[in-house]
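Chemist: Supplied in structure tokens, the structure appears directly below.
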Amino acid sequence: MRTLLLTSTLLMAVAGSAFAQTGGGASAPPEADPAVLTPERVFSDPGLSGPVAKGVSLSPDGALVAFLRSRPDDVSVQDLWAAPTGAGEPFKLIDARALVPEAGELSEAEKARRERMRISERGVVEYSWDSQGRYILAPLEGDIYLANRADDTVKRLTATPADEIDAKVSPKGTYVSYVRDQDLVIQDLATNTETPVTTDGDGLITWATAEFIAQEEMDRDTGYWWSPDEHYIALQRTDESGVDVVPRLDINASGSTVVQQRYPRAGRPNAVVDLYVHDVTTGRRIKVDLGSNTDIYLGRVDWSADGKTLYVQRQSRDQKTLDLLAVDPATGASHVIVTQTSTTWVDLTDDFHALKDGGFIWSDESTGWRHLYLYDKDGKKVRPITRGLYPVKGLNGINEATGEVFFTASMHAGTELPIEQQMFRASFRRTTTPVQVTTSGGWWGVSMNKTATAYVGNYSDPGTPPRSGLYKSDGTFVRWIEENKLDEHHPFWPYRSRLRTPEFGTLESHGQTLVWRITTPPGFDPAKKYPVVMQVYGGPSTGAGVMKSWQPITNQLLTEAGYIVFRLDNRGEGDRSAAFRSAQYLHMGTVETEDQVLAANYLRTLPYVDASRMAVMGWSYGGFMSLNMLTEPKMGLAAAAAGGPPTNWALYDTHYTERFMSTPQANAEGYAGTDVLNRLDNLTGRLLLMHGMADDNVVFENTTRLMDALQARSIPFELMVYPGQRHGIRGNPRQLQQWRTYLDFFDRTIGSRSHTE
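All the letters of the sequence shown, read from the start, carry residue numbers -20 to -1, 1 to 737 under mature numbering (1 follows the signal peptide of the UniProt record, and there is no 0).
Here it is, written out as structure tokens:
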């Protein structure tokens, strides 16, 4: 009955007139329109976005493109594929099911690592090249496999009860390295012999693995780094003994377990991270001098081109200072060569690039916008590489032979254009006006080869599903990797006629330009009034929400159900200016909600919006924002679906929370202002609350305290919790249930069952 009811809801927009003509009663219901997208189809195989290449990279010699592709019979399992950059068809390099027919249980460490990396698939989930491009290394279900390009063989390197994680091929292809049981191990590929680099990893001591904070908040997923000449390995040692134990009830279908999780909450101790350099030839290990203060963050680690200098980015606990250290790997001695500071925070990026002449390229926000600069070997800033009223969003590649620098940005004619993203070309040898390399009109992601002579471009727009192609560095198309053409062979083809093209626009708030996107239902009639679902994330992020890109397929489930779908990127969200991103500093949830009120007021000016039937939905920070918006009387919302919400930022981790809020001790008033429990008396509509019962990121306590407070106030609400699920809900069956729940909730609160005609 529930499934049938939801199907009827989704068909209402196209079938309503047929019901009226039959007069109801004895007449049979109309047949379902096969062009109408249903939840059952969205959460089944093959995926409706088509074959999407993930993790695409060019081989160092430029002859091959490798990528991950989901299996057509099971999109949750990935194989490793490759395509020649010249003539020839793509071929499968590693067949996950052929090598491991039945997936086993991953270790808790690997589960946590994949959760931090937002990896939900199984099979081949990551891989790496050696610097010559002779080998591709791929972990698969806890063991390591090596693909040899010379003879097209795949060799299993490990077969142990323990998981080998974070596996790499050394730069020259002599060794394979991996972490097993909290210690770093290297294997000589010529002799197949293993040599432990460390042996005392156990309990609260871990070697060569990025700590929880680095994985979750610093976008650093590794804890060791080979020098280019394979002489050294820099590796971190993590001591969690000072981190608070936060007992977490991990509830699953068969029972529950109390996990004694080491979780560094805001204002509390972090793990102590030290950095060492291991000499591969002698086995000698020396400690790097990171300074006398151990309460710091190990931000980034890079090697010079000749392997004689180790560069370390050291971030202060308050994140207002970022130092670049130059380290002598033979002695561990270090000195600061560049310092970046801010009155709010200094972001970590992956924009550092060491040049062969000893200089380097790095970015900062000293002008109020993130731009690239050339430095000499002593850390002196030589010249700007980019400039203008836009932020550089990522350094893609450096061609040292030509002096070309390639970067991605959302801009046009030197001014930001947040809803699009392209790659541009500049020069580090002289100041030039950047030249756009990729085409306008949509959203590009780029992966360049080591010499920056070619790139893989991933493109989409609202009418074009994600597609991947190989291009020369000047933008010349070479070949498709995944063309993913929307034709009669594409899985989305039957539903294309009802795909709505979104409209984009802007609002002004306190001198800042906010971008929005609105999508209307199929058969839209501007003379009628429609309910609205506002989608929100709202928090600090490295990407935008409002993009001229292929939209999530689930958006069409909402428009098919008769809803207008609206999204606004408020102040604080996305890669924008420093002023835009730091607007919510020390008082998260305030300016963001103020901007969403501005959006709601704008929606109410539209003649086709039913102001009495507006709702919001969001997950994680979006769940926090959904609760803030439902408890803001000026929003006037009828309903909110809040998933995985932080309800008190004092319960969240150090690096993320303190970056934007300082500590609870130093900013007690600000933290009290973010506590959702203090806002419940202003609840304006119905609430659907969702959470994974094994969430180790936004722990379940965030939701149980809200449940208790609502019950203590005798406020009715709806609850959907997911046994065994962490911060995201995984797998087609559970996601189908989740979206059936969303659609049923909205139908009862703002949809067809929320009022009587």
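We put the CB at the ideal spot given by N, CA and C, even for glycine. Please read these numbers as outputs of a predicted model, since none were measured by experiment.
By the 10 Å Cβ neighbour count, where 16 or more other Cβ atoms means buried, how is A648 classified, buried or exposed?
Modeler: A648 is exposed by the Cβ-count criterion.
Chemist: Could you give the uninterrupted runs of the beta strand (DSSP E) lying entirely in the segment 604 to 678, keeping only those of 3 residues or more?
Modeler: Runs found: 619 to 623 and 666 to 672.
Chemist: Ends of the alpha helix (DSSP H) at W719?
Modeler: N712 to T729 is the span of the alpha helix (DSSP H), which, as asked, contains W719.
Chemist: Tell me whether the beta-carbon of V426 lies closer than 8 angstroms to the beta-carbon of I461.
Modeler: No, the pair does not count as a contact, with Cβ atoms beyond the cut-off.
Chemist: Looking only at C-alpha atoms, which of S562, D132, Y155 and M605 sits nearest to L548?
Modeler: Taking only the C-alpha atoms, the option nearest L548 is M605.
Chemist: Look up G3 in the DSSP assignment and say whether it is helix, strand or coil.
Modeler: Because the pLDDT at G3 is just 40, under 50, the model does not fix this residue reliably, and the point stays unresolved.
Chemist: Fully enclosed by the segment 511 to 586, which alpha helix (DSSP H) runs are 4 residues long or longer?
Modeler: Here the runs fully enclosed are 534 to 540, 558 to 561 and 571 to 584.
Chemist: State the start and end residues of the unbroken beta strand (DSSP E) segment that holds Q241.
Modeler: It spans G235 to R242 - the beta strand (DSSP E) in which Q241 sits, taken as one unbroken run.
Chemist: Taking one C-beta from the segment 109 to 128 and one from the segment 50 to 58 each time, how about it: are there three or more such pairs within less than 8 angstroms?
Modeler: Too few Cβ pairs lie closer than 8 angstroms, so no.
Chemist: Classify D555 as buried or exposed, calling it buried when 16 or more other Cβ atoms lie within 10 Å of its own Cβ.
Modeler: Flag for D555 reads buried.
Chemist: Just to confirm, is the Cβ distance from W283 to W342 under 8 angstroms?
Modeler: In this structure, W342 does not lie closer than 8 angstroms to W283 by Cβ.
Chemist: Per DSSP, E483 is paired with what?
Modeler: Per DSSP, I498.
Chemist: Count the other CB atoms, across all protein chains shown, that sit within 10 Å of the CB of D275; report buried if there are 16 or more and exposed otherwise.
Modeler: Exposed, by the Cβ-count rule.
Chemist: Where does H735 fall in DSSP's three states?
Modeler: In this structure, H735 counts as coil in the three-state DSSP scheme.
Chemist: Taking the beta carbon of G4 as the centre, do at least 16 other beta carbons fall within 10 Å, making it buried, or is it exposed?
Modeler: Bear in mind that a pLDDT of 43 at G4, under 50, signals an unreliable position, so the number given afterwards is only what the model happens to contain. With fewer than 16 Cβ atoms within 10 Å of its Cβ, G4 is classed as exposed.
Chemist: Just mark T2 as buried or exposed, buried being the case when its beta carbon has 16 or more other beta carbons within 10 Å.
Modeler: The predicted position of T2 is uncertain, since its pLDDT is 35 and thus under 50; a value taken from the coordinates is nonetheless stated next. Burial call: exposed.
Chemist: Under the assumption that A393 contacts T366 (Cβ atoms under 8 angstroms), give the Cβ distance between them as a whole number of angstroms.
Modeler: That belief does not hold up - the Cβ atoms of A393 and T366 are roughly 14 angstroms apart, past 8 angstroms.
Chemist: Please classify V385: does DSSP put it in a helix, a strand, or coil?
Modeler: Looking at V385 - three-state DSSP - the assignment turns out to be strand.
Chemist: Using a 10 Å radius around the Cβ and a threshold of 16 neighbouring Cβ atoms, would you call P31 buried or exposed?
Modeler: Under this definition P31 is a buried residue.
Chemist: What residue from Q492, L79 and E220 has the CA that sits closest to A127's CA?
Modeler: When only C-alpha atoms are compared, the closest one is L79.
Chemist: Is the segment 259 to 269 touching the segment 333 to 352, taking contact as three or more C-beta pairs under 8 angstroms?
Modeler: They do not touch, by the three-pair rule.
Chemist: I need the boundaries of the beta strand (DSSP E) containing M198, first residue and last residue.
Modeler: Element bounds for M198: n/a, residue is neither H nor E.
Chemist: Taking all protein chains shown into account, do 16 or more other C-beta atoms lie within 10 angstroms of the C-beta of I730, making it buried, or fewer, making it exposed?
Modeler: Flag for I730 reads buried.
Chemist: Mind the definition here: the segment 587 to 600 touches the segment 638 to 656 only if three or more C-beta pairs lie below 8 angstroms; say whether that holds.
Modeler: Counting Cβ pairs under 8 angstroms, fewer than three are found: no touch.
Chemist: Which residues in the same chain as P364 place their Cβ atom closer than 7 angstroms to its Cβ, once the five residues preceding and following it in sequence are excluded?
Modeler: The residues are H351, Y353 and T411.
Chemist: Alpha carbon to alpha carbon, how far is V281 from V292?
Modeler: Taking the straight line from one Cα to the other gives about 5 angstroms.
Chemist: So, at 6 angstroms on beta carbons, what are the nonlocal neighbours of P119 in its own chain, with the 5 sequence-adjacent residues on each side left out?
Modeler: Closer than 6 angstroms at the Cβ level, and outside the excluded window around P119, lie A147.
Chemist: Distance, Cα to Cα, I399 vs A524?
Modeler: Near 8 angstroms, if we compare the C-alpha coordinates of A524 and I399.
Chemist: To the nearest angstrom, report how far apart G183 and R160 are at their CA atoms.
Modeler: Looking at the two C-alpha atoms, the distance is approximately 13 angstroms.
Chemist: Would you grab the beta carbon distance between G704 and A233 for me? Rounded to a whole angstrom, and I think it's under 8 angstroms.
Modeler: Confirmed, about 6 angstroms.
Chemist: Once the 5 residues before and after F484 are set aside, which same chain residues still bring their CB inside 6 angstroms of it?
Modeler: Correct list, in chain order: I399 and R497.
Chemist: Could you pull the start and end residues of the beta strand (DSSP E) that D259 belongs to?
Modeler: Element bounds for D259: V252 to D259.
Chemist: Are N196 and N677 closer than 8 angstroms when you measure CB to CB?
Modeler: As written in the sequence, residue 196 is Glu, which differs from the Asn given in the question. A contact, by the Cβ cut-off of 8 angstroms.
Chemist: May I have the straight-line CA-CA distance separating I145 from T171, to the nearest angstrom?
Modeler: The alpha-carbon atoms of I145 and T171 are separated by roughly 21 angstroms.
Chemist: Ordered along the chain, which non-local residues of its own chain (more than five positions away) have a Cβ less than 7 angstroms from that of F697?
Modeler: Only L667, L669 and L690 meet the Cβ criterion.
Chemist: Under 8 angstroms: do the segment 477 to 492 and the segment 8 to 22 share three or more Cβ pairs, one atom per stretch?
Modeler: Flag = yes, the segment 477 to 492 and the segment 8 to 22 touch.
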